[in-house]
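The sequence shown begins at 134 in this note's numbering and counts up one residue at a time. Just below is one structure, and these are the notes that go with it.
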Amino acid sequence: MLKEFKSFILRGNVLDLAVGVIIGAAFTALVKSLVDNLINPLIGMFVQSTALAHLSVTIGKTKFTYGAFLNDVINFVITAFVIFILIKSINKLFPKKEEVVEEKVDEELETLREIRDLLKK
134 MLKEFKSFIL RGNVLDLAVG VIIGAAFTAL VKSLVDNLIN PLIGMFVQST ALAHLSVTIG
194 KTKFTYGAFL NDVINFVITA FVIFILIKSI NKLFPKKEEV VEEKVDEELE TLREIRDLLK
254 K
């Protein structure tokens, strides 16, 4: 069982996935810091609040913190845009090879064509 586990872990796909998860977590922390420390204060200047995450509305006894949701939306949009640009760049660097589609020749159809051509002569 340990040998199987070792061969599973050492396969290229698992290692690539692990590296991707680690880099993704680091990138997410970077984007969160960008939003919290740079973008939120800029937005806060216009909404008269020091932090976007503290924006809320109270209806009755319920408090809706829509600012935290806006934070998460901004984080998502920035992350998705960077991934889009990254994938677009990778696709330009490594274009897909066009697959050559071979037509299957129908033997019966080919025979009928030959007969037609012979009859024309």
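Ideal placement from N, C-alpha and C gives every residue a C-beta, glycine not left out.
Legend entry - Cβ distance (whole Å) where G177 is taken to contact L185 below 8 Å: 6 Å
Inset, instruction - Taking 8 Å as the cut-off, decide whether the C-beta atoms of V210 and Y199 are in contact. - result: In this structure, the beta-carbon distance from V210 to Y199 does not fall below 8 Å.
Inset, instruction - Let me know the secondary structure DSSP gives T161 once reduced to three states. - result: helix
Inset, instruction - Would you mind sorting L188 into buried or exposed? The rule is 16 or more other CB atoms within 10 Å of its CB. - result: buried
Legend entry - Meets three-Cβ-pair contact criterion under 8 Å: the region 151-171 and the region 210-227: yes
Inset, instruction - Would you kindly work out how many angstroms separate the C-alpha atoms of G193 and A201, rounded to a whole number? - result: 20 Å
Inset, instruction - Could you pull the start and end residues of the alpha helix (DSSP H) that T198 belongs to? - result: Neither: T198 is in no alpha helix (DSSP H) and is coded neither H nor E.
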